[in-house]
Each structure stands twice: as C-alpha cells, then as structure tokens.
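Residues in the sequence shown are numbered from 593 upward in steps of one, following our numbering.
Glycine included, each C-beta is placed from N, C-alpha and C at the ideal position.
Please read these numbers as outputs of a predicted model, since none were measured by experiment.
The block underneath contains the structure these notes are about, expressed in structure tokens.
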Amino acid sequence: MRRNRALMYGVRQPVIRRGFIGTAATGLLCLVAVGVLGTAGTAAAAPPATPTTPATPTPSPVVPAVAAPGTPPIPVEVNAGAFVLADQATGVVLAERAPHQKLRPASTLKVLTALALLPKLDPAAVHVAVPEDLTDFAKNEPGGSAVGVKPGLSYRVSDLWNGVFLRSGNDAVATLARMAGGVPATVDLMRQTAQRLHADDTTVVNADGYDADGQLSSAYDLALMGRAGLQDPGFRAYCSLQRAQFPSVNGTTYEIDNENRLLGKYQGMIGVKNGYTSLAHHTFVGAATRNGRTLVVSVFDAGTDIYQQTAKLLDWGFAVAPGTTGVDQLTTPDPLPHSTVPNEQLPPPDAAHRKASPDDPNAPSPLPSQAAAAPGKREDGSLVGDVFRTLLYIVLFLVLAVVVLRARVLLLRRRKG
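Right, here's the structure in full:
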C-alpha cells in the first residue's frame, strides 16, 4: 500500500510521471505522519492495556508426556513444553510433562503474590495512590501490563486485587506491595510462602512475574500454588470473577474483564491466572469442576493456542475415572493463612470518587494529568478506529492519484493523436 500505484501503469511520460509521483509521495508521507501522530495521541489517552503479543512464539522442544496407567494417550494437540494435571481434592497427578523443568512463569507468579499478600490486607481498606507507588514499576518494567492505577485516586484493596487477577496489572501489584511494606518485603514473604508450599523449583526475584534473570518456577510448583489458592475463600472469589468496575477519575469507573478466555466458556471453569512474556511464552494455571470433581492444571511454555491445549487436557482428565492411580503426588503444603471474601457491592471508597457537580462544591476535581487518561468506560476500540481512518485516507488518496494520472495520460495521448 505504501507504493504509488501510478508506477504500475507504464506511462511513457517520465518527466510528468516523476513530478506527479514526487508530489503524491510527499502528500502520502504527510498523511501517514498525521495518521501516526493522531494514533499515538489517542493511544496516550486510552486506559492502559496489556501489551500486544507476537502471534506464534517458538516453543521449547517437547518431551514425552506421562499419563496415568491404563488411560488413553494425551491428545497430540497438547504440545506445551511442560504441564501438570492433578486432582484438586487428593493431589494425585493424572498426567505431566517436564513437571520440574525450571521455566519463566510470567504473570502466573502472581498466584504466589496473592497467597503471600491476601491475608495481610483488608479487602475493604482504602488506599490513596501516590506517585511513589509506581516509581519502581515505571522505571524497571517498560511495557509491563497495567490496569490503570492513577496517583491521587482512592482504591479499595479489593479493587487492586481485581486489577491483578482480571487484567494482570503490574501497577496494581506494585501498589499492593508498597501497602504491605514494599517490594523487597513482599518478595521475601513470597519466598517464605513458596517454602511453606514446598515449591522447591521456584526462585522469586520480583513481585509480579515480569521477566527477570533467575526468576523461575515449574509446572509442578504452579499446580501446588493453584491448588492452595483454591482453598482460600478470598483468592477463589477474585480468580473466578469475570468482570469488575475499576475506579477512574471524578467518581467514574471503567469495566475490566478477565483475560482468562476459558472463564465463562469452558464448562465448570473456575479461574485461575494466565501469563505471557516474549521470553516465557504463554503460561496458565487453571481449575475446573464437573460432577463434583475439581481438576487443577498448569501449562508452561505454550503458544497462542494455550487455551485450546488446556481445554483438551481438562477434557482428557475428566474422562479419567476418579480414583485412578496417578503418576505423581502434589506435596501437602504447610498450613497457610486465609483471606476473606471481598464485598463487591461496597460503594466507591470515599469522597474522592464523588462526581463533581455545582451542588457539591467540596467534590474534588480530577487531576489535570488524569482527566484524559482514565475515561469512564473502556475505549479499547479508539486506537483501532484511528488506524482504520488513517488507512482509509491513504486508500482514498491513492485512488485519487491513479485517477488524475490516468486522465493526464489520456489527455496527452489525445494531443499526440
């Protein structure tokens, strides 16, 4: 599309054609520049979104899977580098592949973050975000996923956890970690929690799973963490939530939905947490219940079809008869403290969320830097609209250029004739 279509017509007037093409190219470059700048401006105003991921990351070499004796083979579609499928109640592992291979966990590590911090923070407690909450996140995690925490706004702890579980917000993790004593203290608590879980393959470097040298876990350890999380009432409430309202400026909210594509679509799906980085590829920890039986699954080092692979693996697991002898056993963790279920019906945190009106002179106005950054509803389509309009302008310009050039050629031929 970026080539001038006039080059395709073989016009015999090189001087005229070059001049026109030069003008057309200049105009085209201007239109592209305007479209790009307009798109960038809109992107700056939209709520933070998860970074776009490459379509087909290259998975690691696949090693053979091991399944319970007397069961059918694992579906060939399940080609993730590592996985564990276990019975939630008994901890019996029905199938596994490279269960203890140490891999990058991406945002599935937030399962451990939640197990460590949920019992420490009252879900109804209100926190006014300050710039210091996000300093390390902004500095150390360029391109990290964010839900849109804004300094100056008030958030319930439950709002921030919704941002963690539904939108994998590293900015929400940073804020919660600072409320709990800071990121170093949170990382230390996560390490202690991993020890209590006997998650011996896990090394924690940061609080949110963003790629860091030496930060590793395994499918086995994430199955341990997912199983422990499902036994915590607060954790289970957050990880199974499909959508929530997230605080924005001037008393408004915008809707966030869960990135887990199986939630609400796969029969019996409970949660738990998905993840992605370009180095980790796609990762997932989930659980589903059918006929009173719950299976927990962790999948590491997969492509964009990770949800299809997970569904195939769960289907296979539910077809295995209860009580079947497994291939391994999830270690029983040491006792962990539990958290309370959040009350999603609570009103906005405090007066910072009241809508400003002439009748309420004490209602706060939005901060200038936030007014455009956090609209009252999601505007995920605005960027797409701008790109479409830009492309439309380019197409119209090219069509007009072809028509004008063709008319010019015909006119010159008539004069010669």
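Sub-8 Å separation of residue i and residue j beta-carbons
{"i": "asparagine 754", "j": "serine 737", "result": "no"}
{"i": "aspartate 793", "j": "histidine 719", "result": "no"}
{"i": "serine 699", "j": "asparagine 866", "result": "yes"}
{"i": "aspartate 893", "j": "alanine 708", "result": "no"}
{"i": "phenylalanine 876", "j": "valine 888", "result": "no"}
{"i": "methionine 782", "j": "threonine 705", "result": "yes"}
{"i": "arginine 689", "j": "alanine 660", "result": "no"}
{"i": "histidine 790", "j": "threonine 923", "result": "yes"}
{"i": "glycine 826", "j": "proline 927", "result": "no"}
{"i": "alanine 764", "j": "valine 756", "result": "yes"}
{"i": "valine 796", "j": "alanine 786", "result": "yes"}
{"i": "glutamine 921", "j": "valine 685", "result": "yes"}
{"i": "glutamine 680", "j": "alanine 879", "result": "yes"}
{"i": "glycine 863", "j": "serine 840", "result": "no"}
{"i": "serine 750", "j": "alanine 716", "result": "yes"}
{"i": "valine 987", "j": "phenylalanine 838", "result": "no"}
{"i": "serine 710", "j": "aspartate 824", "result": "Looking at the sequence shown, residue 710 is not serine but leucine. Yes, the Cβ-Cβ distance between leucine 710 and aspartate 824 is below 8 Å."}
{"i": "leucine 814", "j": "lysine 694", "result": "no"}
{"i": "glycine 818", "j": "glutamine 834", "result": "no"}
{"i": "proline 925", "j": "arginine 788", "result": "yes"}
{"i": "proline 941", "j": "arginine 748", "result": "yes"}
N- and C-terminal bounds of the alpha helix (DSSP H) containing residue i
{"i": "serine 750", "result": "749–759"}
{"i": "leucine 906", "result": "898–911"}
{"i": "threonine 705", "result": "702–709"}
Candidates the options, of which the one nearest residue i by Cα
{"i": "threonine 886", "options": "Met861, Tyr899, Leu871", "result": "Met861"}
{"i": "arginine 759", "options": "Gln921, Tyr830, Ser870", "result": "Tyr830"}
{"i": "valine 670", "options": "Lys904, Gly774, Arg696", "result": "Lys904"}
{"i": "threonine 881", "options": "Leu822, Arg788, Tyr802", "result": "Leu822"}
{"i": "valine 654", "options": "Thr663, Gly662, Ala674", "result": "Ala674"}
{"i": "leucine 816", "options": "Asn852, Ile666, Phe989, Leu677", "result": "Leu677"}
{"i": "leucine 871", "options": "Arg696, Pro667, Ala687", "result": "Arg696"}
{"i": "tyrosine 899", "options": "Ala687, Leu938, Asn852", "result": "Asn852"}
{"i": "glutamate 724", "options": "Pro939, Val797, Ala766", "result": "Ala766"}
{"i": "asparagine 798", "options": "Asn883, Pro939, Lys702, Gln937", "result": "Lys702"}
{"i": "histidine 874", "options": "Thr902, Leu855, Asp849, Gln859", "result": "Thr902"}
{"i": "glutamine 937", "options": "Ala836, Asn850, Gly909", "result": "Ala836"}
{"i": "glycine 843", "options": "Val668, Gly744, Val991", "result": "Gly744"}
{"i": "proline 914", "options": "Thr896, Gln807, Gly884", "result": "Gly884"}
{"i": "alanine 804", "options": "Leu854, Lys857, Glu733", "result": "Glu733"}
{"i": "aspartate 800", "options": "Leu983, Tyr846, Leu768", "result": "Leu768"}
{"i": "aspartate 907", "options": "Gly683, Ala687, Thr682", "result": "Ala687"}
Three-state secondary structure assigned by DSSP to residue i
{"i": "valine 864", "result": "strand"}
{"i": "aspartate 728", "result": "helix"}
{"i": "proline 579", "result": "The structure shown does not extend to residue 579, since the chain is modelled only from 593 to 1009, so the question has no answer here."}
{"i": "arginine 770", "result": "helix"}
{"i": "aspartate 824", "result": "coil"}
{"i": "aspartate 679", "result": "strand"}
{"i": "leucine 938", "result": "coil"}
{"i": "valine 658", "result": "strand"}
{"i": "valine 986", "result": "Going by the sequence as given, residue 986 is isoleucine instead of valine. Three-state result, isoleucine 986: helix."}
{"i": "glutamine 693", "result": "coil"}
{"i": "alanine 948", "result": "Unreliable positioning characterises alanine 948 in this predicted model, as indicated by a pLDDT of 39, which lies under 50. The coordinate reading is nonetheless provided below. If DSSP states are grouped into helix, strand and coil, alanine 948 belongs with coil."}
{"i": "aspartate 714", "result": "coil"}
{"i": "aspartate 926", "result": "coil"}
{"i": "glutamine 784", "result": "helix"}
{"i": "alanine 931", "result": "In the sequence as presented, alanine is not what sits at residue 931; that position holds serine. Note: serine 931 maps to coil in three-state DSSP."}
{"i": "serine 870", "result": "coil"}
{"i": "serine 746", "result": "strand"}
{"i": "alanine 1016", "result": "No information on residue 1016 is available, as it lies outside the stretch 593 to 1009 that the chain covers here."}
{"i": "alanine 674", "result": "strand"}
{"i": "asparagine 954", "result": "Only weak support exists for where asparagine 954 lies, its pLDDT of 39 falling under 50; the value from the coordinates is given anyway. If DSSP states are grouped into helix, strand and coil, asparagine 954 belongs with coil."}
Within-8 Å CB hit, residue i to chain B
{"i": "proline 929", "result": "This model lacks chain B altogether; it includes just one protein chain."}
Endpoints, the beta strand (DSSP E) within which residue i is located
{"i": "arginine 689", "result": "684–689"}
{"i": "valine 891", "result": "885–894"}
{"i": "aspartate 849", "result": "845–849"}
{"i": "histidine 873", "result": "873–882"}
{"i": "valine 720", "result": "718–720"}
* Asked: Where in the stretch 786–835 do unbroken runs of the alpha helix (DSSP H), each at least 4 residues long, occur, reported from the N-terminal end onward?
  -> 811–822, 825–831
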